[in-house]
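Q:
In the numbering used here, the protein residues as written are 26 to 159.
1) My output table needs one value for residue 122: the three-state DSSP class, helix, strand or coil.
2) By the DSSP assignment, the beta strand (DSSP E) with residue 105 in it spans what residues?
3) Span of the beta strand (DSSP E) holding residue 61?
4) Using a 10 Å radius around the Cβ and a threshold of 16 neighbouring Cβ atoms, would you call residue 26 buried or exposed?
5) For residue 35, tell me which candidate among 51, 75, 157 and 122 has the shortest Cα-Cα distance.
6) In whole angstroms, give me the CA-to-CA distance for residue 158 and residue 146.
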């Protein structure tokens, strides 16, 4: 629950569970920090609960970043909010679930749309009772 509250800045009404994984990318040969993307999925009891959490998450993740600009991502989600600046954040809602992609040490021109589409497609399969790895 605390992770949900910290990421969304809300009381996480209807929160069910959270899971995340880290994708570590190959170093470009001279980077002082390793580029990576953290994928987090949060599930809620209802679409309305997830909508509130997405709105809070978008506001919470923008806090403290002076120079952010919107990033257009089309990945098949019900709602998407994305921005780029010192780092890039992509937050999407699919039904009662949220997907957050949080990049570290990556550039604006990375294939965020493709990565977002992959996550949405995997979540859709899971929601339909299919194994996304099959």
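Backbone N, C-alpha and C fix where the C-beta goes; we use that ideal spot for every residue, glycine too.
A: Reading from the atomic positions:
1) For the purposes of this step, residue 122 is identified with residue 97 of the chain shown, where counting begins at 1. In the structure shown, residue 122 sits in a strand (DSSP, three-state: E or B).
2) The sequence position of residue 105 within the chain shown is 80, counting from 1. 104-109 is the span of the beta strand (DSSP E), which, as asked, contains residue 105.
3) Along the chain shown, read from residue 1 onward, the residue named residue 61 stands at position 36. Where residue 61 is concerned, the enclosing beta strand (DSSP E) stretches over 61-69.
4) One-based indexing of the chain shown puts residue 26 at position 1. Looking at its Cβ environment, which holds fewer than 16 other Cβ atoms inside 10 Å, residue 26 is exposed.
5) Position 10 of the chain shown, counting from 1, holds the residue named residue 35. That would be 75, whose Cα lies nearest to the Cα of residue 35.
6) Taking the chain shown and counting its residues from 1, one reaches residue 158 at position 133. Taking the chain shown and counting its residues from 1, one reaches residue 146 at position 121. Roughly 11 Å between the two C-alpha positions.
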